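The structure appears below as structure tokens.
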């Protein structure tokens with residue numbers, strides 16, 4: 001296994017975020033290495049990305065429960081190269097969060113050979129430093145992912 005072939009996150013100085021009153025709790029929790037997701041304080045609907053009101057009931061009440069950090073791959077791509085960084089390999093992914101039914105997060109899967117990523121693969125959260133002292137939630141293959149995933153058919157999206 002070659003370290004150059006492992007999926008990684010973008011270099012820290014390339015990623016910049018902008019926060020506002022709606023997204024700030026997500027980013028502040030990430031700085032503390034915690035994953036939180038907005039949940040409607042009235043009807044209980046989880047929503048990502050964060051929005052100023054619930055898309056189901058239009059309530060502005062919001063709670064931010066902390067999640068376990070577990071996820072499964074819903075969809076992914078493999079990207080070889082990035083402007084100015086031709087040797088970089090990225091695996092951007094949409095992951096489902098079992099602690100927040102209906103919520104999906106756009107992220108990166110890191111520390112894995114891209115050809116081993118599969119739909120349904122179990123992941124666990126990690127945090128990657130980015131500009132201005134923020135931490136970006138990323139995911140690694142869970143230790144308990146097991147070999148059963150190797151037998152599942154690959155679906156490219």
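In full-length UniProt numbering, the protein residues as written are 1 to 157. Even glycine gets a Cβ: it sits at the ideal position worked out from N, Cα and C. Every value quoted in this text rests on a predicted model; they were computed, and no experiment measured them.
By the C-beta criterion, the region 85-100 is judged to be in contact with the region 108-116, since at least 3 inter-stretch pairs fall below 8 Å. Sequence-distant partners of residue 8 (beyond 5 residues in either direction) whose C-beta falls short of 6 Å from its own C-beta, in its chain, are 110. Taking each of 124, 67, 118, 132 in turn and checking the Cα distance to residue 76, the smallest one comes out for 118. Of the residues assessed, residue 43 falls on the exposed side of the cut-off, its CB having fewer than 16 other CB atoms within 10 angstroms. Residue 51 and residue 80 have their C-alpha atoms spaced approximately 32 Å apart.
Secondary structure at residue 73: strand, using DSSP grouped into helix, strand and coil.
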